[in-house]
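Engineer: Can you keep this structure in mind? I'll have questions shortly.
2 protein chains.
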Amino acid sequence: MSARTSPENARDIPEATVARLPVYLRALVTLSEQGTATCSSEELAVAAGVNSAKLRKDLSYLGSYGTRGVGYDVDYLRYQIAREIGVTQDWPVVIVGIGNLGQALANYSGFRSRGFRVVALLDADPARHDQVVAGIEVRPFDHLERIVHDHAVAIGVIATPAVAAQDVADRMVACGITSILNFAPTVLTVPAEVDVRKVDLSIELQILAYHEQRKGAVTA
Amino acid sequence: MSARTSPENARDIPEATVARLPVYLRALVTLSEQGTATCSSEELAVAAGVNSAKLRKDLSYLGSYGTRGVGYDVDYLRYQIAREIGVTQDWPVVIVGIGNLGQALANYSGFRSRGFRVVALLDADPARHDQVVAGIEVRPFDHLERIVHDHAVAIGVIATPAVAAQDVADRMVACGITSILNFAPTVLTVPAEVDVRKVDLSIELQILAYHEQRKGAVTA
DNA sequence: AGAAGTTTGTGAACAGGAGAACAAACCGGA
DNA sequence: TCCGGTTTGTTCTCCTGTTCACAAACTTCT
Chain A
1060 MSARTSPENA RDIPEATVAR LPVYLRALVT LSEQGTATCS SEELAVAAGV
1110 NSAKLRKDLS YLGSYGTRGV GYDVDYLRYQ IAREIGVTQD WPVVIVGIGN
1160 LGQALANYSG FRSRGFRVVA LLDADPARHD QVVAGIEVRP FDHLERIVHD
1210 HAVAIGVIAT PAVAAQDVAD RMVACGITSI LNFAPTVLTV PAEVDVRKVD
1260 LSIELQILAY HEQRKGAVTA
Chain B
1060 MSARTSPENA RDIPEATVAR LPVYLRALVT LSEQGTATCS SEELAVAAGV
1110 NSAKLRKDLS YLGSYGTRGV GYDVDYLRYQ IAREIGVTQD WPVVIVGIGN
1160 LGQALANYSG FRSRGFRVVA LLDADPARHD QVVAGIEVRP FDHLERIVHD
1210 HAVAIGVIAT PAVAAQDVAD RMVACGITSI LNFAPTVLTV PAEVDVRKVD
1260 LSIELQILAY HEQRKGAVTA
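Sequences listed follow chains A and B, in order.
Residue numbers for the first sequence follow our numbering, beginning at 1060 and rising by one.
Residue numbers for the second sequence follow our numbering, beginning at 1060 and rising by one.
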């Protein structure tokens, strides 16, 4: 998304590869839980839903962690990918906007299991304060700065309505947050050094609708 | 995602463009609500968060809907894009898995406003049946086939735990659903003619963590 | 030890998308 | 009608990402 500007990056991994590493990691965790000790690139590719050549090229950016003629050690590769992504460490996260979606995110177990720790839930609406969601008390949005400072939070999640999102993002940036995951259906403007990724639920549906429409047109 | 195999596609729009059209549409709706009658490609590009050259190229795949020296008529372009995506028509949708996320999706206003109509909420857990979410009664998963048939549903949304997702997808495909939006953190295997798009909440966070980790490494 | 079989890692060709740059087309004023 | 200013639509070039194909490297069996 945002360009890494440091001129001397020993190993800069293509963005497309970075986006797939979490998928590989998830597949490896599943394999490990099933008791699989080693796997070939073909097996892992099927589990991850990609082409095996692409998988091998992706992994080659991390290093040579496989053994020719044998395959990959599941736990070893799993650790290496986790380390490369950075999910071996603990990432404190704040969620702003505790509506339906914010609550769903707070309860989502997939965060905790990957090193993301929700340290606070914030909402501007006083009616939601002192409510407890996923074992965490909802606090006023004004507490953002103190929480970010106290817990060294680098990642913020925005789950507010679209109209509030830019204000929340501005406040987050002012507090020192440098990565934002935006669920609000609006474009955020932030300084270049801040990474923003967006998840728009309805956009994905619209893409499906486009293809669905064309399927119908072909048969008609 | 899946390749349109029909050999005679009058105008086949690049996948990257298709993915951006909903963003343009959203920006146009916002501009229209603000009372803007016409806009230049530069203005719209800023509102959509993209490069203006890219925007113009994207729009050129749909046709020539602008006027040189003037710009685009907001409402006219909005309609053309909506028609191209297919959101001028009504899309009945079923949501399976009414946990936190499923409830959030059922309540999400962004669906209805873009032509997606939630015709049923299904869950395998009897404890959830007869519960009312977003004004819709939660019904047993077994009702899937009848509902899909009665309402001519083509699009299904999966918001179940990962372990159940493949079974749900299989049943959906068997009922005739040809587009699936998958929120479960697992890879789905479906026939080639079925489109699947996935939204993985934790993958986006992991991508942010990767870049965040590198930011720290650069300064250290 | 050597041969046969397997699987990784990578070079090279190919496809697709991004961005710069410009000609074509339109508006308004004189 | 003609001229200057503006903005689109499109061409061309560059870059990123995908896929093929194969040499290198490892295991196992004899």
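All C-beta atoms, glycine included, are put in the ideal place defined by N, C-alpha and C.
Restricting to Cα atoms, I'd like to know which of Thr1147/A, Val1077/A, Pro1151/A is closest to Val1207/A.
Structural biologist: Answer by Cα proximity: Pro1151/A.
Engineer: Considering only C-alpha positions, which residue in the set Thr1245/B, Tyr1269/B, Cys1234/B, Leu1264/B is nearest to Leu1087/A?
Structural biologist: Measuring from the Cα of Leu1087/A, the nearest candidate turns out to be Thr1245/B.
Engineer: Closest to Glu1204/A by CA distance: which of Ala1228/A, Asp1189/A, Thr1097/A is it?
Structural biologist: Ranking Ala1228/A, Asp1189/A, Thr1097/A by Cα distance to Glu1204/A puts Ala1228/A first.
Engineer: Which residues of chain B have a Cβ atom closer than 7 Å to the Cβ of Lys1274/A, listed in chain order?
Structural biologist: Residues of chain B passing the Cβ test: Thr1237.
Engineer: Roughly how many angstroms lie between the CA atoms of Thr1147/B and Gln1272/A, to the nearest whole one?
Structural biologist: Each residue's Cα considered, the two are about 11 Å apart.
Engineer: Use the C-beta contact count for Gly1275/B: other C-beta atoms within 10 angstroms, 16 or more gives buried, fewer gives exposed.
Structural biologist: Label assigned to Gly1275/B: exposed.
Engineer: Could one say the Cβ of Arg1173/B lies closer than 9 Å to chain A's Cβ atoms, at least one of them?
Structural biologist: So, interface residue.
Engineer: Taking only runs that begin and end inside the stretch 1120 to 1189 of chain B, name each unbroken beta strand (DSSP E) of 3 or more residues, in chain order.
Structural biologist: As far as the stretch 1120 to 1189 of chain B is concerned, its whole beta strand (DSSP E) runs of at least 3 residues are 1130 to 1132, 1150 to 1155, 1175 to 1182.
Engineer: Would the beta-carbon of Val1232/A fall within 9 Å of that of Val1253/A?
Structural biologist: It is a contact, given that the beta carbons lie within the stated cut-off.
Engineer: Where Leu1136/B and Gly1174/B are concerned, what is the direct C-alpha to C-alpha distance, given to the nearest angstrom?
Structural biologist: If you take the alpha carbons of Leu1136/B and Gly1174/B, they lie about 18 Å apart.
Engineer: For Glu1102/A, which of Thr1076/A, Gly1130/A, Asp1184/A has the nearest alpha-carbon?
Structural biologist: The candidate whose alpha carbon is nearest that of Glu1102/A is Gly1130/A.
Engineer: List the DSSP bridge partners of Ser1238/A.
Structural biologist: Paired residue(s): Ile1214/A, Asp1254/A.
Engineer: Quick one: list the residues of chain B neighbouring Leu1267/A, beta-carbon separation under 7 Å, in chain order.
Structural biologist: Correct list: Ile1214, Ser1238, Leu1240, Asp1254, Arg1256.
Engineer: CB Leu1080/A to CB Ile1154/A, shorter than 9 Å?
Structural biologist: No, these two residues do not count as a Cβ contact at 9 Å.
Engineer: Just the C-alpha distance for Ala1218/B and Asp1189/B, rounded to the nearest angstrom, thanks.
Structural biologist: Cα-Cα distance, rounded: 18 Å.
Engineer: For the beta strand (DSSP E) that Pro1199/B lies in, which residues bound it at each end?
Structural biologist: Pro1199/B -> beta strand (DSSP E) spans 1195 to 1199.
Engineer: Helix, strand or coil, according to DSSP, for Thr1097/A in the structure here?
Structural biologist: Looking at Thr1097/A - three-state DSSP - the assignment turns out to be strand.
Engineer: Report yes or no: do the stretch 1176 to 1191 of chain A and the stretch 1236 to 1250 of chain A share at least 3 C-beta pairs separated by less than 8 Å?
Structural biologist: Verdict: no, contact absent.
Engineer: On the DSSP bridge list, what partners appear for Val1191/B?
Structural biologist: Its beta-bridge partners are Glu1196/B.
Engineer: Given a threshold of 16 other Cβ atoms within 10 Å of its Cβ, counted over all protein chains shown, does Glu1263/A qualify as buried or as exposed?
Structural biologist: Answer is buried; the Cβ neighbour count reaches 16.
Engineer: Which stretch, first to last residue, makes up the alpha helix (DSSP H) that contains Pro1081/B?
Structural biologist: Pro1081/B -> alpha helix (DSSP H) spans 1074 to 1092.
Engineer: Have a look at Tyr1269/B and Arg1115/A and give me their C-alpha separation to the nearest angstrom.
Structural biologist: Between Tyr1269/B and Arg1115/A, the C-alpha separation is close to 20 Å.
Engineer: If we count the other Cβ atoms within 10 Å of its Cβ and call it buried at 16 or more, is Gln1093/A buried or exposed?
Structural biologist: Gln1093/A should be labelled exposed.
Engineer: How is Gly1275/A classed by DSSP in three states: helix, strand or coil?
Structural biologist: Correct three-state label for Gly1275/A: helix.
Engineer: Please state the DSSP three-state secondary structure of Ala1221/B.
Structural biologist: Here Ala1221/B sits in helix by DSSP.
Engineer: Tell me whether Val1105/A sits in a helix, a strand or coil according to DSSP, three-state version.
Structural biologist: If DSSP states are grouped into helix, strand and coil, Val1105/A belongs with the helices.
Engineer: For Ala1251/B, is the classification buried or exposed, using 16 other Cβ atoms within 10 angstroms of its Cβ as the cut-off for buried?
Structural biologist: Looking at its Cβ environment, which holds fewer than 16 other Cβ atoms inside 10 Å, Ala1251/B is exposed.
Engineer: Say whether chain A places a C-beta atom closer than 9 Å to the C-beta of Val1227/B.
Structural biologist: Chain A, which has no Cβ nearer than 9 Å to the Cβ of Val1227/B, makes this no.
Engineer: Output, in chain order, the set of chain A residues within a Cβ distance shorter than 9 Å of Gln1162/B.
Structural biologist: Within chain A, the residues near Gln1162/B are Asn1159, Gln1162, Ala1163.
Engineer: What is the DSSP secondary structure of Val1207/B, reduced to helix, strand or coil?
Structural biologist: Helix.
Engineer: Between the Cα of Phe1200/A and the Cα atoms of Gln1162/A, Ile1157/A, Ala1165/A, which residue gives the shortest distance?
Structural biologist: Taking only the C-alpha atoms, the option nearest Phe1200/A is Ile1157/A.
Engineer: Please go through the same chain and pick out, in chain order, the residues whose beta-carbon is closer than 8 Å to the beta-carbon of Val1178/B, but skip the five residues on each side of it.
Structural biologist: Answer for Val1178/B: Pro1151, Val1152, Val1153, Ile1206, His1210, Val1212, listed in chain order.
Engineer: Once DSSP output is grouped into helix, strand and coil, what is the label at Asp1259/A?
Structural biologist: Three-state result, Asp1259/A: coil.
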